[in-house]
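Per this note's numbering, the very first residue in the sequence shown carries number 5; after that it's consecutive.
By construction, the Cβ of each residue, glycine as well, lies at the ideal position given by its N, Cα and C atoms.
First the structure, in the form of structure tokens, and then the observations on it.
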Amino acid sequence: SCDRGKVRKVVDGANERIKERYVAGWQSYTARKGAAVDELRDACAALVEDFHEAEPRCALPANTPSALVDMASRHGAALHAALEGLVTKAGGEYVHGPTKKVERIKDKAENDYEGDVARVVDVERATGLFDSLEALNTAASAFRGTIDGLTVRRCKDAFFAHKHDSGYRDMKLFVEVADTGFIGELQLNLRQIQNIKGHAHKVYDVERVLEKGTDEALRRAIDGLDLESEQV
5 SCDRGKVRKV VDGANERIKE RYVAGWQSYT ARKGAAVDEL RDACAALVED
55 FHEAEPRCAL PANTPSALVD MASRHGAALH AALEGLVTKA GGEYVHGPTK
105 KVERIKDKAE NDYEGDVARV VDVERATGLF DSLEALNTAA SAFRGTIDGL
155 TVRRCKDAFF AHKHDSGYRD MKLFVEVADT GFIGELQLNL RQIQNIKGHA
205 HKVYDVERVL EKGTDEALRR AIDGLDLESE QV
């Protein structure tokens, strides 16, 4: 059987290294950039104040994963086209995320929303990646104005107000394709932070299985991942 105590110790060490890298990554953008940091903080606060719907929901004709997938197939392209235009105009890279499948929608609705499929508002999702605070600020400012074809329903600020304990930061916007009832998610982030997140997710997978999985599942999670030397 797996020595879970040993794995836990190694995972904790990996998480500490991840946190250090998040801090260093953030500082690489913010050092000697006090005005830009203040501008981003103000923009995040204003977006949260303006767009604070507690539980945004897609306007589904039926509370089923298949109905949500069908809605995404009809309106997802318009969502991405409008969001990509905003991100690239601000100087960012638009990264189209994978569309959630029926089974994943069902699991998320049951585990997070008591079966309310309409609250799964990230079936279509994307990330806007930026290489400077100035470009990120340009994008954030754009969402405070009128956006053709889109309506922002909620903003979640994890750059400042709700920074994760791990040190990870981002901003999430939940955006409706105007007059359709379909909502998708756009994450705005800095490239170095996003790159670290990719490494951190490997450790998260091990930690999740460590807490709830079988020994066999844990062995599969750590197979090929040398946590002692993983530079995360």
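Asked	Found
By the 10 Å Cβ neighbour count, where 16 or more other Cβ atoms means buried, how is residue 116 classified, buried or exposed?	exposed
Pull the bridge partners of residue 178 from the DSSP assignment, please.	158 and 189
The alpha helix (DSSP H) that contains residue 166, what's its start and end?	Run containing residue 166: none; DSSP gives neither H nor E here.
Can you grab the Cα-Cα spacing for the pair residue 226 / residue 149, in whole Å?	46 angstroms
Where does residue 64 sit, in a helix, a strand or coil, going by DSSP?	coil
Kindly say whether residue 87, judged by its beta-carbon, lies nearer than 7 angstroms to any beta-carbon of chain B.	Absent here is chain B; the protein component of the structure consists of one chain.
How many angstroms separate the CA atom of residue 218 from the CA atom of residue 6?	9 angstroms
Helix, strand or coil for residue 172, going by three-state DSSP, please let me know.	coil
Could you give the first and the last residue of the continuous alpha helix (DSSP H) run that contains residue 132?	That residue, residue 132, is in no alpha helix (DSSP H); its beta strand (DSSP E) goes 129 to 134.
Could I get the ranges of all uninterrupted alpha helix (DSSP H) runs contained in the stretch 68 to 151, with 4 residues as the minimum, in chain order?	69 to 93, 106 to 116 and 137 to 146
Alpha carbon to alpha carbon, how far is residue 233 from residue 12?	Residue confidence for residue 233 is low, a pLDDT of 46 falling below 50, so the modelled location carries little weight; the figure read from the coordinates is stated next. In a straight line, the C-alpha of residue 233 is about 15 angstroms away from that of residue 12.
As a quick exercise: from 63, 166 and 118, pick the residue whose alpha carbon is nearest that of residue 185.	63
I'd like to confirm the pairing. Which residues does DSSP put opposite residue 194 in its beta bridges?	134
Only counting the same chain, and skipping five residues up and downstream in sequence, which positions put a Cβ closer than 8 angstroms to that of residue 165?	48, 49 and 52
Are the stretch 135 to 144 and the stretch 68 to 82 touching by the rule of at least three beta carbon pairs closer than 8 angstroms?	no
When you compare the CB positions of residue 197 and residue 125, do they come within less than 7 angstroms of one another, or not?	no
Leaving aside the five residues before and after residue 142 along the sequence, list all residues of the same chain whose C-beta is less than 7 angstroms from its C-beta, in chain order.	94 and 95
Apart from the five residues just before and just after residue 40, which ones in its own chain have a Cβ nearer than 7 angstroms to its Cβ?	137, 138 and 141
Could you spell out the range, first to last residue, of the alpha helix (DSSP H) harbouring residue 48?	38 to 54
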